[in-house]
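Trainee: Position in the sequence shown (from 1) plus 112 gives the number in the numbering used here.
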Amino acid sequence: MTIAMAADHGGYELKNILLDYLAEKGHAIINLGTDTPDSVDYPDFAKACCDEVVGGRADFGILVCGTGVGISIAANKIDGIRCGLCPSKEIAALVKQHNNANVIALGGRFTSAEDAKDIVDYYMNAEFEGGRHQGRVDKIMALEK
Ligand code: RB5
């Protein structure tokens with residue numbers, strides 16, 4: 113798969129751990145930064161990652177900021193994006209199964225490397241269930257109009 117990844121200074125270390133993990137598995141990574149501890153604004157990085165997803169150049173996106181909250185809020189302002197904040201592997205599976213999330217967000221200051229790898233694996237191994245969830249996702253997307 114092709115995966116777009118971005119983070120702010122609060123999340124770049126975890127983002128890069130996940131980048132290496134996913135690249136070793138053979139996935140293509142579009143790394144939108146940041147890659148240093150210098151302070152940056154997470155909405156800029158949310159947009160860069162989400163543009164790759166909406167534009168069809170990435171299959172999904174991974175965003176990391178300190179909490180995962182700010183960068184997920186920013187991502188969900190972008191038309192076509194359903195970003196799920198994933199504090200656990202169980203929720204990571206559910207954001208795909210129920211919400212058909214095309215971007216996931218993690219908190220770099222609150223998620224261990226091992227938990228983060230599980231979160232990504234659970235999200236990637238899950239499938240959207242459709243059915244009653246399809247109508248709800250359709251209603252979410254209608255809120256953009
Ligand atoms: C940056 O210090 C921090 O505010 C950011 O990474 C994120 O946690 C915001 O939601």
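Idealized CB from N, CA, C, for every residue including glycine.
1) Report the three-state DSSP secondary structure of I193 (helix, strand or coil).
2) Since L218 is in the alpha helix (DSSP H), which residue starts that stretch and which ends it?
3) When the distance is taken between beta carbons, is F157 closer than 8 Å to T148?
4) Whose CA, out of L255, E202, G138, R221, lies closest to the CA of L175?
5) So does V181 have its beta carbon nearer than 7 Å to some heavy atom of the ligand RB5?
6) Hey, is D120 close to the ligand RB5, as in C-beta under 7 Å from one of its heavy atoms?
7) Distance check for R244 and D153, CA to CA, integer angstroms please.
8) Quick check: the Cα distance between G138 and M113, rounded to an integer number of angstroms?
9) Going by other Cβ atoms of all chains shown within 10 Å of its Cβ, with 16 needed for buried, is C214 buried or exposed?
10) Please report the straight-line C-alpha distance between D150 and A160, rounded to a whole angstrom.
11) Within 10 angstroms of the Cβ of A119, are there 16 or more other Cβ atoms? Answer buried if so, exposed if not.
12) Quick check: the segment 201-219 against the segment 170-187, are there 3 or more CB pairs under 8 Å?
13) Looking at C-alpha atoms only, which residue of R248, Q246, I115, K127 is the closest neighbour of T179?
Mentor: Looking at the atomic coordinates:
1) coil
2) No alpha helix (DSSP H) holds L218; the beta strand (DSSP E) holding it covers 215-219.
3) no
4) Comparing alpha carbon positions, the residue from L255, E202, G138, R221 closest to L175 is R221.
5) yes
6) yes
7) 37 Å
8) 8 Å
9) For the sequence presented, residue 214 should be read as Asn rather than Cys. Under this definition N214 is a buried residue.
10) 18 Å
11) buried
12) yes
13) It is K127 whose Cα lies nearest to the Cα of T179.
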